[in-house]
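Participant: Pasting a structure below so you can have a look.
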Amino acid sequence: MEEWKECKLEDLCDDLSDGLHKAPKFVENGEYIFVNAKNLSNGKIVDVDKQKHTTYDEYLKYKIDLNERTILYSIDGTIGNLAKYNNEKCVLGKGACYLNIKREVSSDYIYYQLQTPHFKRYIHHLTTGSTIGHISLKTMRNYSFFLPPLPTQQKIAAILSSLDDKIELNNKINTNLEQQAQAIFKNWFVDFEPFGGKMPDGWKVGKLSDIADYLNGLAMQKFRPLEDEEGLPVLKIKELRQGCYDESSELCSPSKVKPEYIINDGDVIFSWSGSLLVDIWCGGTCGLNQHLFKVTSQKYDKWFYYLWTKHHLDRFIFLAADKATTMGHIKREELDKAEVVIPTLNNYTKIQMMLSPIIDTIINNRVENRKLASLRDYLLPELMSSNISVEDV
Numbered sequence: 218m219e220e221w222k223e224c225k226l227e228d229l230c231d232d233l234s235d236g237l238h239k240a241p242k243f244v245e246n247g248e249y250i251f252v253n254a255k256n257l258s259n260g261k262i263v264d265v266d267k268q269k270h271t272t273y274d275e276y277l278k279y280k281i282d283l284n285e286r287t288i289l290y291s292i293d294g295t296i297g298n299l300a301k302y303n304n305e306k307c308v309l310g311k312g313a314c315y316l317n318i319k320r321e322v323s324s325d326y327i328y329y330q331l332q333t334p335h336f337k338r339y340i341h342h343l344t345t346g347s348t349i350g351h352i353s354l355k356t357m358r359n360y361s362f363f364l365p366p367l368p369t370q371q372k373i374a375a376i377l378s379s380l381d382d383k384i385e386l387n388n389k390i391n392t393n394l395e396q397q398a399q400a401i402f403k404n405w406f407v408d409f410e411p412f413g414g415k416m417p418d419g420w421k422v423g424k425l426s427d428i429a430d431y432l433n434g435l436a437m438q439k440f441r442p443l444e445d446e447e448g449l450p451v452l453k454i455k456e457l458r459q460g461c462y463d464e465s466s467e468l469c470s471p472s473k474v475k476p477e478y479i480i481n482d483g484d485v486i487f488s489w490s491g492s493l494l495v496d497i498w499c500g501g502t503c504g505l506n507q508h509l510f511k512v513t514s515q516k517y518d519k520w521f522y523y524l525w526t527k528h529h530l531d532r533f534i535f536l537a538a539d540k541a542t543t544m545g546h547i548k549r550e551e552l553d554k555a556e557v558v559i560p561t562l563n564n565y566t567k568i569q570m571m572l573s574p575i576i577d578t579i580i581n582n583r584v585e586n587r588k589l590a591s592l593r594d595y596l597l598p599e600l601m602s603s604n605i606s607v608e609d610v
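Given below as structure tokens:
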């Protein structure tokens with residue numbers, strides 16, 4: 218059997234350090250992003266604050282040697298965000314450390330090693346700070362684990378990367394499909410371009426509450442799981458925003474909650490309080506918490522009431538913010554004020570043939586992504602601990 222050698226993270230890096238301990242000079246429309254913990258998301262550097270951009274001159278002052286083998290890990294404030302450096306124009310802040318992986322080690326393997334339960338437990342145990350968490354560079358450098366030979370590293374990384382690549386591809390496809398759906402919807406129902414810019418004869422003006430039912434969720438903390446009962450995750454705004462539930466999600470009793478308050482893949486959900494959001498849930502079976510509407514219809518198809526509800530989202534957000542004292546929300550009466558256009562049956566059928574397959578594909582891709590992520594999360598610790606051989610996958 219091949220030998221796995223114990224090593225420390227610092228021994229596998231040409232450099233392991235953090236970024237700038239002060240802010241550079243920020244300028245409007247600067248081409249360089251100031252990167253901290255919140256800029257690392259799902260393996261990528263993301264631009265989350267347009268106000269925190271800087272110039273090439275500032276970049277030269279604080280330049281760090283980042284390259285194609287660099288991994289970024291958040292160590293201050295938000296702990297555990299990861300990204301692979303991909304030649305982004307950025308200035309690194311102290312909220313993120315960088316690991317320049319040596320050539321004789323697979324950088325992709327180390328990227329996945331930093332996602333193992335073994336590493337997460339290590340980090341959780343050594344995080345300091347009562348309110349704002351912090352991980353020292355010493356802690357990062359001293360992390361110890363068993364490393365297989367390079368060919369095995371590469372095989373393990375390839376298996377896990379193939380799953381992540383498929384997830385990313387599905388996400389790109391869905392982004393494109395969502396844009397197509399919005400464009401078709403606007404073309405037919407807002408601009409009326411197929412009819413010369415005017416609403417055709419026979420079409421009717423109605424309201425959101427005419428085309429769909431908006432069921433408000435319950436305070437799910439009242440429905441605790443029974444003893445020895447497997448709890449059902451509760452869908453709250455946090456879960457809706459991230460598209461899945463996790464180990465921190467609250468649980469409710471599936472036997473106590475009425476069927477209409479159970480959410481399944483493909484259900485349209487409208488968060489009407491706090492962070493307003495309209496989306497199609499594909500994160501698995503859940504219980505519907507308060508401050509969320511489950512949107513259904515006995516008369517119209519999903520594409521129709523989903524796109525009309527989403528069409529009014531910007532106005533709902535404006536209303537919620539305009540009237541907010543603490544946490545903005547909209548009242549149910551706003552559903553009666555939101556106008557919709559209802560086409561003739563013939564036109565409805567034509568539009569459905571375009572939009573229904575798009576929405577169905579988006580749902581299928583999201584469900585597939587959840588299954589792929591679950592498989593990846595299962596394989597990752599098993600492969601990293603050699604419980605499963607790469608030859609068996």
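Sequence positions in the sequence shown follow this note's numbering and run 218 to 610.
Beta carbons: idealized from backbone N, C-alpha and C, even for Gly.
This one's a predicted model, so the numbers in the text were calculated from it and none came from an experiment.
Which whole-angstrom value is the C-beta distance of residue 557 and residue 525, which I expect to be below 8 Å?
Facilitator: So it is a contact: roughly 5 Å between Cβ atoms.
Participant: Which value, in whole angstroms, describes the spacing of the CA atoms of residue 306 and residue 285?
Facilitator: Rounded to whole angstroms, residue 306 to residue 285 spans 13 Å at the Cα level.
Participant: Return the CA-CA distance between residue 600 and residue 559, expressed in angstroms with no decimal places.
Facilitator: If you take the alpha carbons of residue 600 and residue 559, they lie about 54 Å apart.
Participant: For residue 224 versus residue 364, is the C-beta distance shorter than 8 Å?
Facilitator: Yes, the pair counts as a contact, with Cβ atoms nearer than the cut-off.
Participant: Between the alpha carbons of residue 321 and residue 489, how many angstroms are there, rounded?
Facilitator: If you take the alpha carbons of residue 321 and residue 489, they lie about 52 Å apart.
Participant: Check whether the Cβ atoms of residue 572 and residue 398 sit closer than 8 Å, and answer yes or no.
Facilitator: It is a contact, given that the beta carbons lie within the stated cut-off.
Participant: Reducing DSSP to helix, strand and coil, say where residue 523 ends up.
Facilitator: Residue 523 falls in the helix class under three-state DSSP.
Participant: Less than 8 Å between the CB atoms is what I'm expecting for residue 394 and residue 262, so what's the real figure, rounded?
Facilitator: Not a contact, Cβ separation roughly 25 Å.
Participant: Taking residue 602 as part of the beta strand (DSSP E), name the residues at either end of that continuous run.
Facilitator: Premise fails: residue 602 is in no beta strand (DSSP E) and is neither H nor E.
Participant: So residue 514 and residue 430 are supposed to be a Cβ contact under 8 Å. How far apart are they, rounded?
Facilitator: About 7 Å separates the two Cβ atoms, so the contact holds.
Participant: At which residues does the beta strand (DSSP E) containing residue 317 begin and terminate?
Facilitator: Counting along the chain, the beta strand (DSSP E) containing residue 317 begins and ends at 313-318.
Participant: Is the separation between the beta-carbon of residue 487 and that of residue 510 shorter than 8 Å?
Facilitator: Yes, the Cβ-Cβ distance between residue 487 and residue 510 is below 8 Å.
Participant: Cβ of residue 321 versus every heavy atom of the ligand MG: is any distance shorter than 7 Å?
Facilitator: With respect to the ligand MG, the structure offers nothing, as it holds no ligand at all.
Participant: Hey, would you say residue 485 sits closer than 8 Å to residue 519, going by beta carbons?
Facilitator: Against a cut-off of 8 Å, the Cβ pair of residue 519 and residue 485 comes out as a contact.
Participant: Do residue 317 and residue 287 have their C-beta atoms within less than 8 Å of each other?
Facilitator: Cβ distance < 8 Å, so residue 317 and residue 287 count as in contact.
Participant: In the DSSP assignment, find the unbroken beta strand (DSSP E) run with residue 433 in it and report its ends.
Facilitator: Counting along the chain, the beta strand (DSSP E) containing residue 433 begins and ends at 430-433.
Participant: How would you write the range of the beta strand (DSSP E) that residue 498 sits in, first residue to last?
Facilitator: Unbroken beta strand (DSSP E) run through residue 498: 494-498.
Participant: Nearest by alpha-carbon distance to residue 242: which of 229, 278, 235 and 253 is it?
Facilitator: Minimum Cα distance to residue 242 is reached at 278.
Participant: If you draw a straight line from the alpha carbon of residue 423 to that of residue 492, how long is it in whole angstroms?
Facilitator: Straight-line Cα distance between these residues: approximately 27 Å.
Participant: Keeping to the same chain, check which residues put their C-beta closer than 7 Å to that of residue 330; ignore five residues upstream and five downstream.
Facilitator: Answer for residue 330: 336, 362 and 601, listed in chain order.
Participant: What first and last residue would you give for the alpha helix (DSSP H) that runs through residue 356?
Facilitator: Start and end: 354-359.
Participant: If you count every other CB in all the chains shown that lies within 10 Å of the CB of residue 450, and 16 or more means buried, which is it?
Facilitator: It counts as buried.
Participant: What residue range does the alpha helix (DSSP H) around residue 406 cover?
Facilitator: Start and end: 367-406.
Participant: Are the CB atoms of residue 350 and residue 296 nearer to each other than 8 Å?
Facilitator: Cβ atoms of residue 350 and residue 296: closer than 8 Å.
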